[in-house]
Every structure is written in structure tokens, then in C-alpha cells.
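Novice: Per the working numbering, the sequence shown starts with residue 1, numbered consecutively.
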Amino acid sequence: MKITISGHHVEITEAIKQAIENKFAKIAKHFPDLMTIDSVITVEPHQQQLEGTTLYVGRKVSVKASGKDLYAAIASAANKLQAALKHRKGVLKKKLHEKYQVEQSDGFMPV
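1) Report all residues from its chain with a CB closer than 6 Å to the CB of A49; omit the five preceding and five following residues, and keep chain order.
2) Does the pairing of the region 21–28 with the region 75–90 give three or more beta-carbon distances under 8 Å?
3) Taking the alpha-carbon positions, what's the A19 to L85 distance?
4) For Y56, write down the residues that DSSP places opposite it in a beta bridge.
5) Determine which residues share a DSSP beta bridge with H9 and list them.
6) Quick check on this structure: which residue in I37, T36, D38 and D69 has the alpha carbon closest to the alpha carbon of P45?
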């Protein structure tokens, strides 16, 4: 899995890169269909934000997490992304098990 990390108003250090890769690598074990995760770190006064975006079975899944500590925001974003992917996986499974029913019109009257 490829993890793209970019920063806005922040320099991406090796420690930040390792933290993001470690958290998102755990997600990759549960969802082997993921090819890429794009993450953007934004640092503003008194707030650090991480946005993670991926494509899972044809649908874009995106999460945002923020906090005073960047590493807490990374952990929160990883948890949110995992929850969003579980939800998407559940929706896909439900659609597989739905049965198609043909609606009866009023014009058809069995004798």
C-alpha cells in the first residue's frame, strides 16, 4: 500500500512519517483492497489537523481529525478511517444480500 504524506505549513519529519505509516499500516492489514492513502497535515496556531483520503471499492472515503497534539490527531484519524471503511464494507455486504423484488402493478389481477 502506498501512503502519500503532504504538509501545509509544516515540515514532514521522519518521526511524523513513521507515525502515520505505522497507524495506517494496521488499517492495510484489515483492508487489503486499499492501494493508496493520501494524507494532508495542516498546522495552524493551537490546532493540528490531519485529513486522510482513500478509494475503497469505487467510493471515496475521507476523514478529518484535529487536536492540539499532532500524534493524537494521527491516531484519531486512523481510528476514524478504520470505522468509515468498516461502515463502507458493511454497506457493500448488505447490497450483496438484498434480493430483487418485482413490484406488482394494479393492472395485473390473478384469476
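Heads up, the beta-carbon is just placed ideally off N, CA and C, and yes, glycines get one too.
Remember, predicted model here, so these are calculated numbers, not experimental data.
Specialist: To lay it out plainly:
1) Working through the sequence shown from its first residue, we reach residue 49 at position 49. Before going further, note that residue 49 is Gln rather than Ala in the sequence given. Only T42 and S66 meet the Cβ criterion.
2) yes
3) Taking the sequence shown and counting its residues from 1, the one referred to as residue 19 is at position 19. Taking the sequence shown and counting its residues from 1, the one referred to as residue 85 is at position 85. One C-alpha to the other measures close to 20 Å.
4) Counted from its first residue, the sequence shown places residue 56 at position 56. Looking at the DSSP assignment, Y56 forms a beta bridge with R59.
5) Residue 9 sits at position 9 when you count from the first residue of the sequence shown. Its beta-bridge partners do not exist; DSSP assigns none.
6) As a first step, residue 45 is located in the sequence shown; it is residue number 45 there, counting from the start. Checking every option, the nearest Cα to that of P45 belongs to D69.
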